[in-house]
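Note sheet for the following structure.
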Amino acid sequence: MTAITAELDTKTKRTPVKGMMDNVMEQFNSAAEQVNLHPNIRKILSITNNEIIVHFPVKMDNGDVEIFTGYRVQHNNALGPYKGGLRYHPTVDIDAARALAMWMTWKTSLAGLPYGGGKGGIQLDPSKYSQNELERITRRFTFALADNIGPEHDIPAPDVNTNSQTMAWIADTYMSTRPPAERTANQHVVTGKPDGSGGLEGRDRATGYGVFLNIKFWAERKNESLYGKKFIVQGFGNVGYWAAYFLEKEGAKLVAVQDAFGSIQNADGIKVDDLFNYTKVNNGSIVDFPESVVLNKEEFFGTECDICIPAALGNQITVENAHTIKAKLIAEGANGPTNVEGEKLLLERGVTILPDILCNSGGVVGSYFEWLQNRNGELWQLDEVMAKLDKKMKESFNKVYEYSEKEGMDLRTAAYCIAIKRIEKAYIQRGIFP
Ligand code: NAD
47 MTAITAELDT
57 KTKRTPVKGM
67 MDNVMEQFNS
77 AAEQVNLHPN
87 IRKILSITNN
97 EIIVHFPVKM
107 DNGDVEIFTG
117 YRVQHNNALG
127 PYKGGLRYHP
137 TVDIDAARAL
147 AMWMTWKTSL
157 AGLPYGGGKG
167 GIQLDPSKYS
177 QNELERITRR
187 FTFALADNIG
197 PEHDIPAPDV
207 NTNSQTMAWI
217 ADTYMSTRPP
227 AERTANQHVV
237 TGKPDGSGGL
247 EGRDRATGYG
257 VFLNIKFWAE
267 RKNESLYGKK
277 FIVQGFGNVG
287 YWAAYFLEKE
297 GAKLVAVQDA
307 FGSIQNADGI
317 KVDDLFNYTK
327 VNNGSIVDFP
337 ESVVLNKEEF
347 FGTECDICIP
357 AALGNQITVE
367 NAHTIKAKLI
377 AEGANGPTNV
387 EGEKLLLERG
397 VTILPDILCN
407 SGGVVGSYFE
417 WLQNRNGELW
427 QLDEVMAKLD
437 KKMKESFNKV
447 YEYSEKEGMD
457 LRTAAYCIAI
467 KRIEKAYIQR
477 GIFP
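Residue numbers for the sequence shown follow the numbering used here, so the first one is 47 and each next one is one higher.
This is the structure we're talking about:
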């Protein structure tokens, strides 16, 4: 990763782009100063507990064997089992997994859940593999992780390019490799499963719904209506689609979308479900959607709009494009989409940022509900799930909003302060073994 970054920088002659780990550490250090975090706890939280790297062979459809590299980073478990997604993407490496695991620790703490933070994945481009190959890769990765995951130890969930099917394969492999008496009792080793296999009704939309709710709560505080508001979405996958779906239902208008394949625009509005159905028959891509025009990749964030939702990868909003952003609200669906320098510029311009650890926490809250449902042998109904999610998201939003008003700080710093103070309290009460 470092080598690739350095090579790009010599070519572009730009200041080196910082990695996601630099961002999460700068955010953490700034909040640690604000709350005067105990120096010993600062040392503990600055580093990950465990880093698991596995290399494993998988037989391809043509009979060849390919070796894959998988990661699972467990940052901290002071508040409960490690929790966080698995990502299948060429950018997955140890630096990305560390940063994403740390963000999960802050997110679960802020949401008041009994979890710590973990993250992982496999460095690969899933579009290059058949469904059968992806199943074998996933099952072999689960086998390689072995007891490093577990329903009371470390609980993965979907992330970029993984979904409920991936989680079903992991659950099945994990359960099949337990001693006979433990097999069926372990389905909560992962969350985000399909609803026929212990999954939670509504887990699919939980993250996007949470992003929408955060935008709605913010608008209510500002006495503004979402009706007629224009918004743009980067990433039209699980998070981007559902956030757009709920915003459109509230009367807001989707005017530009960018995915891994291209960018499109329609100032009169793009119908969310029409675009979603189009991607289903267009290899998952938004490109050439009939009721739209092509937009240059670099122009996407500069589109005229009120709300911008980055819901793809990290480090997307930087000093390179932050000055072009027209939106007055950025709702972070993705993890780490805005880097520290980009954020500084936006805050100076009076743009509000709903930070990732608050804004996209609906996903991990939904995962917690699924875990509880499995643990207690229950089946929850969709309306019950959505009502519980609503309540939990409102509590978190109010906590962060009010802290930021009281302390005169931006929403991200406020969210971090609340999150790290909860972890500090647990360490102070328990002490350090031995
Ligand atoms: P997904 O795989 O369902 O969708 C990802 C989308 O991003 C796709 O539309 C893809 O084409 C697009 N994309 C990929 N690379 C891109 C690029 N370079 N430029 C523009 N678009 C690009 O993934 P997801 O689950 O929706 O996750 C999206 C983000 O939300 C990630 O940062 C993830 O960590 C975060 N997140 C996801 C969840 C969840 O429950 N799925 C929860 C919290 C946070």
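Note that the Cβ used here is the ideal one computed from N, Cα and C, for glycine as well.
Put simply, the backbone Cα of E451 is about 27 Å away from that of L125. Taking a cut-off of 8 Å on C-beta distances, the region 247 to 261 touches the region 282 to 293, as three or more cross pairs fall below it. A Cβ-Cβ distance of about 5 Å is found for the pair F307 and V333, placing them in contact under the 8 Å criterion. In the DSSP assignment, C354 falls within the beta strand (DSSP E) that extends over 353 to 356. Each residue's CA atom was taken as its position, placing T94 and I469 some 14 Å apart. Per DSSP, K452 is one residue of the alpha helix (DSSP H) stretching across 428 to 453.
In this structure, the alpha-carbon of E453 lies about 8 Å from that of A460. The beta carbon of T253 sits closer than 6 Å to at least one heavy atom of the ligand NAD. The continuous alpha helix (DSSP H) containing A289 extends over residues 284 to 295. Beyond the five residues adjoining it in sequence on each side, A78 comes within less than 7 Å, by CB distance, of R88, I466 in the same chain, given in chain order.
DSSP assignment within the region 318 to 375 yields the following whole beta strand (DSSP E) runs of 3 residues or more, N-terminal first: 353 to 356. According to the DSSP secondary-structure assignment, L400 is paired through a beta bridge with A377.
Listed in chain order, the alpha helix (DSSP H) runs fully inside the region 158 to 205 are 177 to 191, counting runs of at least 4 residues. Rounded to whole angstroms, the Cβ separation of L300 and I316 is 5 Å, and the two are in contact under 8 Å. At least 7 Å separates the beta-carbon of K239 from that of M221. Relative to the non-hydrogen atoms of the ligand NAD, the Cβ of A380 comes within a distance shorter than 6 Å of at least one. Of the other Cβ atoms in all chains shown, fewer than 16 fall within 10 Å of the Cβ of R267; this residue is therefore exposed.
Between S413 and A157, the C-beta gap is not smaller than 7 Å, which leaves the two residues out of contact.
Counting along the chain, G130 sits inside the beta strand (DSSP E) bounded by residues 128 to 134. Comparing alpha carbon positions, the residue from Q80, H199, E179 closest to W215 is E179. Apart from sequence neighbours up to five positions away, the residues of its chain that approach D402 with a beta-carbon distance below 6 Å are E378, N381, ordered along the chain.
Apart from sequence neighbours up to five positions away, the residues of its chain that approach T325 with a beta-carbon distance below 7 Å are F282, S331, I332, ordered along the chain. By the C-beta density criterion, T230 is exposed, having fewer than 16 other C-beta atoms within 10 angstroms. In the three-state reduction of the DSSP assignment, E72 falls in the helix class. At a cut-off of 6 Å, the beta-carbon of N406 counts as near the ligand NAD: some heavy atom of the ligand is closer than that.
Look at T154 here: in three-state DSSP terms it is helix. Secondary structure at K299: strand, using DSSP grouped into helix, strand and coil. For the pair of segments examined, the region 186 to 204 was found not to touch the region 144 to 152: the number of CB pairs separated by less than 8 Å stays below three.
Around the CB of H234, 16 or more other CB atoms lie within 10 Å, so the residue is classed as buried. For G412, the uninterrupted alpha helix (DSSP H) run begins and ends at 408 to 421, by DSSP. Around the beta carbon of N385, a 10 Å sphere encloses 16 or more other beta carbons of the protein chains shown; the residue is thus reported as buried. The ligand NAD has a heavy atom closer than 6 Å to the beta-carbon of F282. For T115, DSSP records a beta bridge to H101. A Cβ-Cβ separation of about 6 Å places H135 in contact with N207 under the 8 Å criterion. Rounded to whole angstroms, the Cβ separation of N123 and G167 is 19 Å, and the two are not in contact under 8 Å. DSSP, read as helix, strand or coil, puts S243 in coil.
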